[in-house]
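This report concerns only the one structure given below.
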Amino acid sequence: MENLVTLGAGPPDAVQHLKPPVDPTTLDYRELLDGPFWHKIPAYKEIDEATWLDWSWQARNSITNPAKLLATIQDLVPKAFYDDVAAGFQRAPMALRVSPYLIGLIDWERPYEDPLRRQFIPVASRLLPDHPKLTLDSLHEQADAPVPGLTHRYPDKALFLTLDTCPVYCRFCTRSYAVGLDTDEVEKVSLKATEDRWERAFAYIAQRPELEDIVVSGGDSYQLKARQITLIGERLLAMPNIRRIRFATKGPAVMPMKLISDVEWLDALTAIVEKGRKLHKEVVLHTHFNHPNEITAITKRALDKVFERGIIVRNQSVLIRGVNDTVGAMVKLVKRLGHCQVHPYYVYLHDMVMGVEDLRTSVQTACDLERHVRGVTAGFHTPTFVCDAPGGGGKRVVHSFEHYDRQTGIAVYTAPSVKPGYFLYYDPIDTLAPDIQARWADPAQQQEMIEAAVAAARAAQQANARASTIR
Ligand SMILES: *Cc1c(COP(=O)(O)O)cnc(C)c1O
Ligand code: SF4
């Protein structure tokens, strides 16, 4: 700068600006919540920072039922709210588990609107009737699993569900068929962390030379003990066909302190990453942040540690109504993740899981958000908005449908490299016009709407094939 001035370029304030000054509020994503924010929660008034940052304290004190919630937040909310939670809990497909960290971040003055409350704590009064086409395992993960908990859908990559617990239970979980404890609504498929099941998975992976890439998920990799991270990592790295491993966890979003205080776990992961690097194999962490409020100064400290160790972190979000379905929330999430050196990788259209119709959005919403997000930041920080095609078609870019009938709310996708056929996504039933909702209530009319959408998709596909230059 000094040089520029003496060279006659004029003082710096004479630099010509083509853009108007930045609106400072657009830089809010850099301001991370710090200090003992948990002291406003009655049960956590006396909790000091060292205890708060102890991941095992967080795990032991997680909220697993409405009575425990009541004992924790006490008079912060009216009695009617508890009754609503208790009734919602009865009807939920997922068990309840919420870390103290999240309880401390929820705005209890506005619990109905709070984006964190919406993701983790059900309230009966806000539930909506399900779309008639919703199922428990909408992605057909079990149908594509040669070994229980190992889904081999795409040619070169597989999803390995190592265990069936998580540090938190999300209302919207796509694996409500297996993850978490049985609920009044759902008796779960068992995917326990048994080494016998793992051995069968390893044997299958070793026998498939086309498999190069394994997603280690669950449940959640946070629940794996350090020695289990080592065992799984070493077994997979030892296979010549395996080139890439991703450990998937929601943990950093719900209990970031584990990356600070569970040194053994992070050391185990780091050792596998380093071992992989020497073998020229990539081992990364995939995480699951959905809202900028989940990212605090504690998260930044935790992610800084991961970054210092040279571990790449990518994020997969779910698009959730009332949580991140506005341009403001989504852009702030993307920018805040980037600020913490996390690459926003995917935003998933909410899967068609039962019991959470209040959380789904339409395909239109996803397409509109994508338009606004692209261009805001680096291309490698720009998430791809995808629909994981119901029925096992795999992930499709949301706006790549063959046909989308916005009236009936049916989007039709094809997946030529994954599976033949048509894959249908249905917009939330309450977002459709009343006469269309009435048609969905009648099975014969349902069939008619579906056939019309598939016929239109087929016609579009044929026209496209005629014009196509690829053979
Ligand atoms: C998402 C997923 C993968 C990984 O897919 P990417 O697009 O490479 O992230 C692998 N297998 C299954 C079954 C999946 O659902
Ligand atoms: S952390 Fe993932 S697997 Fe576990 S409940 Fe949430 S969405 Fe489901």
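Note that the working numbering gives residue 91 to position 51 of the sequence shown, counting from 1, and the numbers run on in steps of one. Cβ atoms here follow ideal geometry from the backbone N, Cα and C, with glycine treated the same way. Keep in mind that this is a model prediction, so the values were computed, not measured.
Cβ-Cβ separation, residue j to residue i (assumed contact under 8 Å), whole Å
| i | j | result |
| --- | --- | --- |
| Tyr465 | Leu359 | Tyr465 to Leu359, Cβ: 12 Å. No contact. |
| Leu116 | Trp148 | 4 Å |
| Lys232 | Leu203 | 7 Å |
| Pro172 | Gln486 | 6 Å |
| Gly128 | Ala164 | 4 Å |
| Glu410 | Phe425 | 4 Å |
| Arg3 | Lys321 | With the chain running from 41 to 511 in the structure shown, residue 3 is simply not present. |
| Ile269 | Ala241 | That pair is no contact at about 15 Å. |
| Asn281 | Leu325 | No, Asn281 and Leu325 are not in contact; Cβ-Cβ is about 22 Å, not under 8 Å. |
| Tyr141 | Val294 | 6 Å |
Residue environment, residue i, which counts as buried when at least 16 other CB atoms sit within 10 Å
| i | result |
| --- | --- |
| Ile510 | exposed |
| Lys435 | buried |
| Ala336 | Inspection of the sequence shows that residue 336 is occupied by Thr rather than by Ala. By the 10 Å Cβ count, Thr336 comes out buried. |
| Gln98 | buried |
| Leu44 | Annotation note: pLDDT 47 at Leu44 (below 50); position unreliable, coordinate value reported separately. Exposed is the call here. |
| Gly419 | exposed |
| Glu488 | exposed |
| Thr422 | buried |
| Tyr152 | exposed |
| Gln502 | exposed |
| Asn504 | exposed |
| Lys85 | exposed |
| Pro570 | The structure shown does not extend to residue 570, since the chain is modelled only from 41 through 511, so no value can be given for it. |
| Ser508 | exposed |
| Gly378 | buried |
| Ser440 | exposed |
| Met41 | Residue confidence is low: Met41 scores 45 on pLDDT, short of 50, so the model does not pin down where it sits. No coordinate-derived value is stated. |
| Arg361 | buried |
| Ser301 | buried |
| Gly432 | buried |
Start-to-end residues for the beta strand (DSSP E) that takes in residue i
| i | result |
| --- | --- |
| Phe463 | Lys459 to Tyr466 |
| Phe425 | Thr424 to Ala429 |
| Gln356 | Val353 to Leu359 |
| Leu201 | Lys197 to Leu201 |
| Val255 | Asp253 to Ser257 |
For residue i: DSSP bridge partner residues
| i | result |
| --- | --- |
| Thr175 | Val393 |
| Asp445 | Ile450 |
| His326 | Ala288 and Arg354 |
| Gly434 | Ala429 |
| His383 | Arg354 |
| Tyr388 | Val358 and Val426 |
| Ile103 | Val138 |
| Thr191 | Leu199 |
| Ala455 | Lys459 |
Spatial distance of residue i from residue j (CA atoms)
| i | j | result |
| --- | --- | --- |
| Ala493 | Leu264 | 44 Å |
| Thr327 | Gln356 | 6 Å |
| Ala369 | Arg349 | 30 Å |
| Leu319 | Ile312 | 10 Å |
| Val396 | Gln159 | 10 Å |
| Pro82 | Phe121 | 17 Å |
| Leu201 | Gly258 | 4 Å |
| Asp260 | Pro61 | 44 Å |
| Gly449 | Leu472 | 7 Å |
| Ala136 | Ile161 | Looking at the sequence provided, one finds Leu at residue 136 rather than Ala. Cα to Cα, Leu136 sits roughly 7 Å from Ile161. |
| Tyr462 | Pro456 | 10 Å |
| Trp305 | Thr339 | 16 Å |
| Trp238 | Gly273 | 12 Å |
| Arg275 | Ser102 | 32 Å |
| Pro106 | Arg400 | 24 Å |
| Lys80 | Arg317 | 44 Å |
| Pro207 | Pro292 | 10 Å |
| Ala90 | Asn333 | 22 Å |
| Cys407 | Ile476 | 22 Å |
| Asp123 | Leu167 | 14 Å |
| Tyr444 | Asp428 | 16 Å |
| Gln404 | Asp53 | 45 Å |
| Ile87 | Leu109 | 17 Å |
| Ala478 | Ile490 | 15 Å |
Extent of the continuous alpha helix (DSSP H) run through residue i
| i | result |
| --- | --- |
| Asp408 | Val403 to Val413 |
| Leu299 | Lys298 to Ser301 |
| Gly144 | Pro140 to Leu145 |
| Tyr517 | Here the chain has residues from 41 to 511 only, and residue 517 is not among them. |
| Gly419 | From DSSP, Gly419 is part of no alpha helix (DSSP H); its letter is neither H nor E. |
| Leu276 | Ala266 to Leu277 |
| Ala183 | Per DSSP, Ala183 belongs to no alpha helix (DSSP H) and is neither H nor E. |
| Gln487 | Pro483 to Ala507 |
| Asp124 | Lys119 to Arg131 |
| Lys345 | Ala337 to Glu348 |
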